[in-house]
Amino acid sequence: MGNGNFVTNINDTFKMLNGLNAGKHYDVYVRETCNSKNKSTFAGPLSFTTDCPSKKAPIQTNFDGVKAPKLPACWNPYANVADKILTVTSTDHNKTIPSVPHAIEIKDGNINNNDTAIIVSPSFKDLPSGKNQISFKATKETIGSNESLVIGIMGDPTDVSTFRSYDTLTNHQLDTTFQQYNIVLNNTNLIGNKKHVAFMHGPGNSKIYLDDFRYETRNSSDTITTWSGSQNTDWSDSSNWMNGYPSPNAYVKIPSGKTRYPKISSNKTIGTVVIDTNASLNILAGDVLTLRGDLVNNGSNVLGAGTVQFDGNKTQEIKGSSEFNNIVIKNDVVILPSAGMQLLNGVLTLNSGTMTTNSKLKLQANSNGYAQIAGTGNGSISGDVIYEKRVTTDQAWHYLATPVNGINFTNLHDDFHISEGQSTNVYYYDEPSSQPTFLDGWSPLNDRSNAFQPIKGYNVYFWKDGKGGANYPLNMDVEGKPNKGAYSTTLTSSASQWNLVGNPYPSGLDWDKLSSGMPPNIYDGVYVWDPKAGQFATYVNGISTNGGSSVIAPMQSFFVWANSGTPSLQFADQDRTTENGPYLKKSNKPDSYIKLAINNEQQKRDEVVVYFTQSANKNFDGGYDAFDITSKDEDMPSLSTLINGKKASINALPQVEEEMTVPLAFSSNKAGKYTLDAKLNSIGNNTNVYLQDKQKGECYNFSNYSKVKFKHDPSSADEGRFVLKFGKVTSGIKNQATNDLNFNARYQNGGFKLDIRNDFDQKAIVNVVDLTGEAIGVQKELNNKGQYHIKASNLAEGYYLVKLKTNQHWKVKKVLVR
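In structure tokens, the structure reads:
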């Protein structure tokens, strides 16, 4: 008979049985008792199932409170044939399910008959009101199977004739992984007085599974409107909507099966938006969609280049999967554990409230930049995020930092190979150990389980494409709680005085803001290794070389110089920025400057800047000047200025002075041809800037030359070969420019025609060079004034310089060859 409770002392024909559960089957057995020893055998059973009282929203179930194959109380199966291929059961699902261990399995295996398999909900007494909605997760078992799930309402769970179809998920809408679906039950004409929600397996021979059912009341002020796209893709065109244009509290449904889907081209506010499978919503760049309710995206996950803002008055939920450009949080928002991954390409701004991630938020990196979390606002994040960095250069060292906390280097090992011990590819910089040279400061990572510490910089080598499973470009990632608030680190100055520090934030770090409050014994220059260029990028006081910038990217570490003592470098959220772009951002400060760049035949490049600001002086000043760190790339040329014998990549001077000279230092291990480019910005119309080549005995006026070409032999090179000179008088140069040589030149009949109008005491030499200073092989000796024709055929079109030179003087004319 099984287990049960015995009820004794029944002295009349009626007995109340208390404590029974709703919707449960019971068997009652009765026997007569004369005394404790004389009892009759049990008669029965008298069988019955207790009623399920009607319920009101909200109700939810994940079908896990029963032992398979039973259904939860008050949920009823309906099958019109007794066949094992036609089932409605609770089952231990062999897929990854939203809530474990059970889901509802509906199978209708007899595709050619009209057999029916239905799961029927408890009775909902407020269902006829038309003010409620259901949400659930569903999946089909087999790819390509022709399945459908019909969502309906029923009056009697035992009578299939009372079933009425309300909505249908087609085979195209059902996926082989669980997806979130939402249906508004507002059609009171269809519902009538029916009180049950029912799910029926449509034609097909594959299983359909259900999980995480919710029945809830919509906001009473919500209106329901559905996109039709009957006219165009304009959200603002009311003729594209059924049931009226969306109000600020509207429940908006964007259904599947439309040929045109909405684009938002101006700011909009609605309640909840539900995007069905294969449907889409495109928020254009610069525009904002404000949600006062939930976001349910079962369609195209890309929401466009605009912003989604959450600003409701109760906790808002994110369901399905979405790819955002920008997100603004002004309320508590939860990414449901059952949701897919939420992808962010732009900026997450936490103005107020808490965003609960459930480890379902990924900040992506791509060729256009990286996603960020703004340092502004009073909001917060609960849970972990996944943060990506894009690595495009293999077989190279990268300076890394972490924007999340609580992780170790094993967290990186899943993306690319990390070795340990003396053969490691991860190093940190220990300044006190950097003796006798800068390179001696590197210390190896001993164990992958070592903490990846925020604010500490690391130098990581990325192996050749393919080693350790990595392929490039590589999106490496770290997962943890994002860093925010104050950070500090103590610098040292006992040896090299260089300290490697990391940006601790999931956003850019604005060096201009940070350096404005630094102690005086930390120099203002910042030095970032660029692995693609094989060169250090430098920035100080708005001036940069080699692509340097005031913005230090997230996951980037950098060198700073401690001049003395053990100063503290402190970071705060107000030092952060969400300016986006390349990992090294360009500086655009409009100072008066000269930028020189040296290039070899392999396009290896180094830059130096001389700039002018009244608050500078001629000595090295850590607030205005930056050191030169020579690249260890053997093929890389090096160009710097000298400030009292110190090599500087950036040299600040108070003003331009006539006859002022700035010594340069040039070196390279590689013999060959080199090009020196010059860019002059706001130097002044009355100022000439010259490059003196002491080895060639030449002087190039940058008013005439945009580039200077020369040959270099490291075996006989002089590092002080070049000097910058300013003003009209170039003292110390053997041949000086003069107005005493009076001539005109033009190109005519395959050569240069010269008209020399004054005599000179010695013989003069005429030669022709292009704008890089490279001779084109035309040279002629002249004795006195007169007209001369110098043959020079087959020249490319463009400007050339005709130079007339005596032992004491020279003069240049620019000639156009067409």
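In this note's numbering, the protein residues as written are 2 to 819.
Glycine included, every Cβ here is placed at the ideal spot set by N, Cα and C.
Fair warning: this is a prediction, and the values are worked out from it, not measured in the lab.
Distance CB(residue i)-CB(residue j) smaller than 8 angstroms
i: V405; j: E324; result: no
i: Y429; j: Y400; result: no
i: V253; j: T234; result: no
i: T140; j: T177; result: yes
i: H197; j: M155; result: yes
i: Y748; j: L817; result: yes
i: S494; j: N564; result: yes
i: I119; j: F64; result: no
i: A74; j: K25; result: yes
i: I265; j: L290; result: yes
i: I599; j: P555; result: no
i: S617; j: A653; result: Position check: residue 617 holds Ala in this sequence, whereas Ser was assumed. Yes, the pair counts as a contact, with Cβ atoms nearer than the cut-off.
i: D416; j: M342; result: no
i: N768; j: K792; result: no
i: G300; j: D288; result: no
i: S149; j: P204; result: yes
i: F628; j: Y675; result: no
i: G509; j: T578; result: yes
i: T51; j: A23; result: yes
i: P521; j: I382; result: no
i: Q396; j: K465; result: yes
i: L364; j: L351; result: no
i: E720; j: A666; result: yes
Nearest residue (CA-CA) to residue i, options the options
i: K56; options: K40, N476, W76, A286; result: W76
i: S497; options: P455, D441, N379; result: D441
i: G623; options: N447, G526, S516, P555; result: G526
i: R32; options: F727, V552, K40; result: K40
i: H790; options: P437, G751, L665, N620; result: G751
i: F753; options: K712, N795, T773; result: N795
i: N297; options: R449, A397, F137; result: Residue identity differs from the one stated: residue 297 is Val in this sequence, not Asn. Nearest option by C-alpha distance: F137.
i: W443; options: R449, A452, Y462, V803; result: Y462
i: A487; options: P532, D576, P568; result: D576
i: F244; options: L292, L285, S207, N187; result: Rather than Phe, the amino acid found at residue 244 in this sequence is Asn. Considering only alpha carbons, the answer is N187.
i: P433; options: S424, D719, L492, T394; result: L492
i: D157; options: S149, L150, K195; result: K195
i: I184; options: E775, V610, T278; result: T278
i: V813; options: N743, L282, R819; result: N743
i: A746; options: G787, G778, R606, V724; result: G787
i: S48; options: K320, P123, G66, D28; result: D28
i: Q180; options: T143, G45, A340, D295; result: A340
i: E608; options: E782, K680, I284, D513; result: K680
i: T316; options: L304, N327, N332; result: N332
i: E699; options: F200, S100, V770; result: V770
i: S353; options: K390, H713, G313; result: G313
Bridge-paired residues (DSSP) for residue i
i: I119; result: Y79, M201
i: R165; result: I154
i: Q436; result: In the DSSP output, where bridge partners are listed per residue, Q436 has none listed.
i: M831; result: In the structure as shown, the chain begins at 2 and stops at 819. Residue 831 is therefore absent and cannot be evaluated.
i: K511; result: Looking at the sequence shown, residue 511 is not Lys but Asp. D511 is bridged to V552.
i: I255; result: I276
i: N268; result: Answer by DSSP bridge pairing: none, since N268 is not bridged.
i: R758; result: Paired residue(s): none; R758 is not in a bridge.
i: D28; result: S48
i: T140; result: Y210
Nearest-angstrom Cβ-Cβ length linking residue i and residue j, presumed shorter than 8 angstroms
i: F559; j: V502; result: 6 angstroms
i: Y506; j: G376; result: 7 angstroms
i: V329; j: Q310; result: 4 angstroms
i: Y528; j: I630; result: 6 angstroms
i: F439; j: W499; result: 6 angstroms
i: E421; j: D448; result: 6 angstroms
i: I544; j: Y594; result: 6 angstroms
i: G774; j: V690; result: Contact doesn't hold; Cβ gap of about 15 angstroms is too wide.
i: F410; j: V427; result: 6 angstroms
Residue-level contact to chain D via CB, residue i, 8 angstroms cutoff
i: P70; result: In the structure shown, chain D cannot be found, because there is only a single protein chain.
Original post:
Fully enclosed by the region 618-706, which beta strand (DSSP E) runs are 3 residues long or longer?
Top reply: Unbroken beta strand (DSSP E) stretches of 3 residues or longer found wholly inside the region 618-706: 639-644, 647-654, 662-668, 673-682, 690-694, 699-702, given in chain order.
Original post:
Which parts of the region 527-601 are runs of the beta strand (DSSP E), unbroken and 3 residues or longer, counting only runs that do not cross its ends?
Top reply: Runs of the beta strand (DSSP E) inside the region 527-601: 527-531, 536-541, 544-546, 558-562, 569-572, 593-601.
Subject >> Sequence ranges, beta strand (DSSP E) only - wholly within the region 351-393, length at least 3 >> reply: Annotation note: the region 351-393 contains the following uninterrupted beta strand (DSSP E) runs of length 3 or greater, listed N- to C-terminal: 355-357, 362-364, 381-383, 386-392.
Subject >> Completely contained alpha helix (DSSP H) runs for the region 472-527, where each covers 4 or more residues >> reply: Listed in chain order, the complete alpha helix (DSSP H) runs (minimum 4 residues) inside the region 472-527 are 512-516.
**OP:** Report the residue ranges of all beta strand (DSSP E) runs contained in full by the region 33-64; include only those spanning at least 3 residues, in chain order.
**Re:** Within the region 33-64, the complete beta strand (DSSP E) runs of at least 3 residues are 44-50, 60-62.
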